[in-house]
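Here is the structure we will look at.
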Amino acid sequence: MSQVHRPCAGLVAVAFLTLVCLPLGAQRLPTNYTVVTFRKVAPEKVNAFLSFTMEQTKKVMQARIDSGGIKTWTLLKLTVPYSAGSDYNYVMVVSTDKFPDLDPAAAEMDATYKKVGLNRAEYLKTSRELSTLVHQEINRGVLRVGPGAEVGNYVRVDYHVSSAERPGELMEMERSVYAPMFKEVIEANKGIRAWAVSVPMLPTSGESGYTLYTTQTFKDSASLGAGAGTSQEVFRKVHPERNYMNTMGQVRALDRISKVRIYHVLEVLGSPILGAPMK
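Position one of the sequence shown corresponds to residue 43 (this note's numbering), numbered consecutively onward.
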């Protein structure tokens with residue numbers, strides 16, 4: 043059964059991310075932001091980095107969740123493209139229900155670290171020794187279907203580019219065409235767990251080079267390899283009023299997928315930001 047691919051070559055990739063269980067059904071998300079931090083870890087430091095992150099960073103993030111400062115924290119490993127050839131190989135994702143504080147007071151942060159028995163200055167020193175901060179971005183979730191990722195899942199992030207004059211049409215295509223199709227295949231419970239749409243905030247879309255990104259969360263690597271299952275048959279089932287060839291022509295005019303990134307979920311903390319069912 044062939045899949046309904048977007049009319050462009052290749053796979054495409056983040057947040058990223060809806061990373062904990064949610065009710066099935068397309069949802070418009072309320073105000074939310076995702077801070078994505080990309081880090082480079084040298085091969086000889088990977089084991090130390092992971093031990094440090096699981097033992098110390100995890101404590102700090104749980105304290106921030108407990109205090110209401112953030113909603114979720116997720117650790118992911120880049121798997122495609124091969125991490126040795128990338129400028130980063132690990133990603134940390136923090137989600138909030140308000141715009142993040144970009145320069146929090148030192149005293150406030152010190153108190154958070156002290157609460158979990160850590161010295162902030164020593165923590166930051168070790169963090170810098172084990173990994174390099176490559177890039178950071180702030181995104182906003184717009185649509186979501188299905189539950190998010192659990193430890194062991196794989197997340198595919200597809201970056202979409204549209205002409206500057208038609209980003210609204212591209213978003214509407216995601217909402218009206220693709221969300222119902224993904225709802226159908228996710229409810230079939232054949233491997234794909236969730237689908238979501240997010241947009242860049244900082245850097246802006248002009249600087250980032252993409253209009254929006256979609257994420258697909260899969261149970262495991264084999265499920266990812268099998269694909270989402272959004273076939274022509276699924277299209278015709280959920281869109282009996284639409285002409286398949288005409289719709290794909292509209293997608294071709296609106297959308298180009300520029301790159302793909304695949305991540306392995308290593309850790310998840312916190313609860314999701316829920317939305318109302320999409321009508």
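Every residue, glycine too, gets a C-beta built ideally from N, C-alpha and C. Model, not experiment: these values are computed from the prediction.
{"Asked": "Length of the line joining the Cα atoms of residue 302 and residue 139", "Found": "27 angstroms"}
{"Asked": "Collapsed DSSP secondary structure at residue 141 in the structure displayed", "Found": "coil"}
{"Asked": "Residue 179 - containing alpha helix (DSSP H), residue span", "Found": "Unbroken run through residue 179 is the beta strand (DSSP E), 174-187; no alpha helix (DSSP H)."}
{"Asked": "DSSP three-state assignment for residue 209, whether helix, strand or coil", "Found": "helix"}
{"Asked": "C-alpha gap between residue 245 and residue 299, whole angstroms", "Found": "19 angstroms"}
{"Asked": "First and last residue of the uninterrupted alpha helix (DSSP H) at residue 130", "Found": "Careful: residue 130 lies outside any alpha helix (DSSP H) and carries neither H nor E."}
{"Asked": "Residue of 196, 222, 188, 99 minimising C-alpha distance to residue 161", "Found": "99"}
{"Asked": "Sufficient close CB pairs (3 or more, under 8 angstroms) joining the stretch 155-169 to the stretch 264-278", "Found": "no"}
{"Asked": "Euclidean distance between Cα positions of residue 76 and residue 178", "Found": "10 angstroms"}
{"Asked": "Local Cβ density within 10 Å of residue 109, reported as buried at 16 or more and exposed below that", "Found": "exposed"}
{"Asked": "Whether residue 215 touches residue 292 by CB criterion (9 angstroms)", "Found": "yes"}
{"Asked": "Inter-residue Cα distance where the pair is residue 86 and residue 201", "Found": "31 angstroms"}
{"Asked": "Which of helix, strand or coil DSSP assigns to residue 262", "Found": "coil"}
{"Asked": "Selected residue, minimal CA-CA separation from residue 192, among 133, 97, 262", "Found": "262"}
{"Asked": "Residue 117 burial status per 10 Å Cβ neighbour count (16 or more: buried)", "Found": "buried"}
{"Asked": "Per DSSP, cross-strand counterpart(s) of residue 120", "Found": "305"}
{"Asked": "Bridge partner(s) assigned by DSSP for residue 107", "Found": "According to DSSP, which records beta bridges pairwise, residue 107 is partnered with nothing at all."}
{"Asked": "Buried versus exposed, by CB contacts within 10 Å (16 or more), residue 233", "Found": "buried"}
{"Asked": "C-alpha distance - residue 197 paired with residue 71, whole-angstrom precision", "Found": "19 angstroms"}
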